[in-house]
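Okay, so here's the structure we're looking at.
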Amino acid sequence: MTISIYNTLSGTKAPLETIEQGHVKLYVCGITAYDYCHIGHARSALVFDMIVRYLRHRDFKVTYIRNFTDIDDKIIKRAQEQNTTCDELSSRFIRMFHEDMENLGVLPPTLEPKATEHVQEIIDMIQELIAKDLAYQVGNDVYYKVTKFAGYGSLSGRNLEDMQAGARISVNEEKQHPMDFALWKGSKPGEPTWESPWGPGRPGWHIECSAMSRKYHGKSFDIHGGGKDLIFPHHENELAQSEGANGEGFVKYWVHHGFVNIKDEKMSKSLGNFLTIREVLADYPAEALRLFIFSTHYRNPLDYSSTALNDAVTGLNRIYSCLAEIGQLPTTGNDKAKGAASKKDMQKITSLAERFHQAMDNDFNTAQALGHIFEVVKALNKIRQHLPAEPATADLTLLHQGAATVQELGQVLGLLNDDPAAHMEKEQDQILSTMTITPDEIQALIDQRNQARQDKNWARADEIRDQLLEQGIELKDDAAGTSWQVKSN
RNA sequence: GGCGGCGUAGCCAAGUGGCUAAGGCAGUGGUCUGCAAAACCAUUAUUCGGCGGUUCGAGUCCGCCCGCCGCCUCCA
């Protein structure tokens, strides 16, 4: 089985063939550090976290680089507004970003280079571009000469004529072509500055990724990723810079994920309709957010709503609850008894890993992979439900193995990391902490109710149950006695 | 205007021409229960925005139309 990946450059899915056998070199454009991250950033981080985890699960070595843009116009502006330095501002939000990533359960990349720590590499690359007549100096600025790069527009599927027709491009008189973009910007007073052959200044936005990816991955590497909004101009320009300077192919697979929308509109800072990661994590567990994000394919738009997140919480608990219930079963039973599991359910359970891989191999189809997991959860529940008083060892083994596979594959997606029983408890404790009732009080009421039930005083028993339900506590009567849980939602 | 994408049940969503159109959430009926809850079983799209075409066969390919969205300026 091979993994196939959709490539923005070709517009088709193609089997993953790495440059170096068994080793994937991945570069993802990270954040510009000047504000808290919103759930669009979370989607980006989670999508590539999932891709990295899956590739490693499939025995690839993955070198994952995700950069920080720590110098740019927005940072300078924001730092001035907050009366601080660019360095302080970007360090602060990089710290916030790391906190968010940890809370999301996102694995750290292999390397997280910063633009300001690679100014020399950037300058070197710009000099190479000038030497090849692909860039030119105007005053203290340096621009890339887009007309000299034959493939310009190939990634985003545009050509220079069409783009010039667009009305929103402001024409800078000093540029030779309106689409030429800055590699180096001469600095104004008060701005962070580095010395360069073109005078004091700072790097343009796109060049940092070309310089850093070359330093750590080499001139060519396997996968370059980011949000769809980076296709143009950022990645188009990176491609032009890198191939222009290096004289060889830059990236084999361009992977771009879709946006998070709110009410069918793109969530973005300029529209002001965004939710920060920390706002969302205050209300929902990280794994619920993850399940929500992976419930649709990574290239499709995803509409955020509290309903959708609540659905994800319910779905996640459904899996955990299934695993917790199975975890309580003995591992051995009657060796001679015939298994009660149907052939069909057995087959569903034992083929889970294979079907999961098939879905994931197909351009990381997490939605389908999760569908298979849920299908198996249903089968496991069904078998468990129908277990006789003295269950067959064969059934118990099937249940335990099935549950182990579900959890293991869930973890490939970064889900189901908790011990199932502990998760259910933790979930409840958290909600319980916001309530006025204590577990002891609940237990006392349950004891009273059971006494009433024994006395066949149903009215009193129901009264207690309804009273608890009003406070958000659900009771479950079964053979083992009465247990309780916090009512979901 | 240029480029790209989407439209599958009440909602979310998978479906790389061919067995009964995954899965989740919500709903309804049943099993279980003193009654519930949970879980399970059954049920909810003869049909995939509309109209044509290609094909033995189309949700899937092609054309046109309708509706929605994104990029073309900083953006994940």
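Residue 649, in the numbering used here, is where the first sequence stops; the numbers in between run on with no holes. Glycine is no exception: its CB is placed at the ideal position from the N, C-alpha and C atoms. On a predicted model such as this, the values are computed, not experimentally measured, just so you know.
- Of the candidates I191, R203 and W365, the residue whose Cα lies closest to the Cα of F253 is I191.
- Sixteen is the threshold: when 16 or more other Cβ atoms of the shown chains lie within 10 Å of the Cβ of Q567, as they do, the residue is buried.
- Annotated three-state conformation of Y296 is strand, per DSSP.
- G487: member of the alpha helix (DSSP H) spanning S466 to G487, first to last residue.
- Rounded to whole angstroms, the Cβ separation of L556 and L489 is 6 Å, and the two are in contact under 8 Å.
- In this structure, D230 lies away from I437, with their beta-carbon atoms at least 8 Å apart.
- The three-state secondary structure of Y413, taken from DSSP, is strand.
- For V184, the uninterrupted beta strand (DSSP E) run begins and ends at H183 to V188, by DSSP.
- With a beta-carbon spacing of about 6 Å, A513 and T565 fall inside the 8 Å limit used to define contacts.
- DSSP places F516 in the uninterrupted alpha helix (DSSP H) bounded by L512 to D521.
- With fewer than 16 other Cβ atoms from the protein chains shown falling within 10 Å of its own Cβ, D607 counts as exposed.
- Secondary structure of N541 (DSSP, three-state): helix.
- DSSP lists T436 as the bridge partner or partners of H198.
- Contact holds between the region 631-647 and the region 588-607, because three or more Cβ pairs, one in each stretch, are under 8 Å apart.
- DSSP places T223 within a strand segment (E or B) once states are collapsed to three.
- Taking S380 as the centre and dropping the five residues before and after it, the same chain places the C-beta of I179, E408, G409 and F410 closer than 7 Å to its C-beta, in chain order.
- The region 519-533 makes no contact with the region 618-637, as fewer than three CB pairs between them are under 8 Å.
- Inter-residue distance for L569 and P445 is about 19 Å (C-alpha atoms, whole angstroms).
- The shortest C-alpha to C-alpha distance from D247 to any of M210, S314 and Y194 is the one to Y194.
- K388 sits in a helix when the DSSP states are folded into three classes.
- DSSP, read as helix, strand or coil, puts D382 in strand.
- Shown here for L294: same chain residues with a beta carbon closer than 6 Å to its own, the five before and five after excluded, namely K305, K308 and G404 in chain order.
- Taking a 10 Å sphere around the C-beta of P268, we find fewer than 16 other C-beta atoms and assign the residue as exposed.
- Three or more pairs of CB atoms, one per stretch, sit closer than 8 Å, so the region 586-596 contacts the region 626-633.
- DSSP places Y444 in the coil class of the three-state scheme, outside both helix and strand.
- Following the DSSP letters along the chain, one finds E248 inside the alpha helix (DSSP H) bounded by residues C246 to L264.
- Take A448, set aside five residues on each side of it, and the residues of its chain with a beta-carbon closer than 7 Å to its own are L469, A472, V473 and L476, in chain order.
- For the pair of segments examined, the region 425-437 was found not to touch the region 349-356: the number of CB pairs separated by less than 8 Å stays below three.
- The secondary-structure analysis by DSSP pairs S164 across a beta bridge with P175 and N522.
- Residue state for S316 is assigned as coil, using DSSP reduced to three classes.
- Put simply, of R213, N494 and H560 the residue whose alpha carbon is nearest the alpha carbon of V266 is R213.
- Ranked by Cα distance from M339, the options Y312, G361 and P360 are led by Y312.
- Spatial neighbours of T456 in its own chain (CB-CB distance under 6 Å, excluding positions within 5 residues in sequence) are listed in chain order as L462 and A527.
- Counted as a single uninterrupted DSSP element, the beta strand (DSSP E) harbouring I422 occupies residues V420 to I422.
- Residue nearest to A640 within the set R625, M584 and A549 is A549 (criterion: CA-CA distance).
- In this structure R255 is exposed. Its beta-carbon is surrounded by fewer than 16 other beta-carbon atoms within 10 angstroms.
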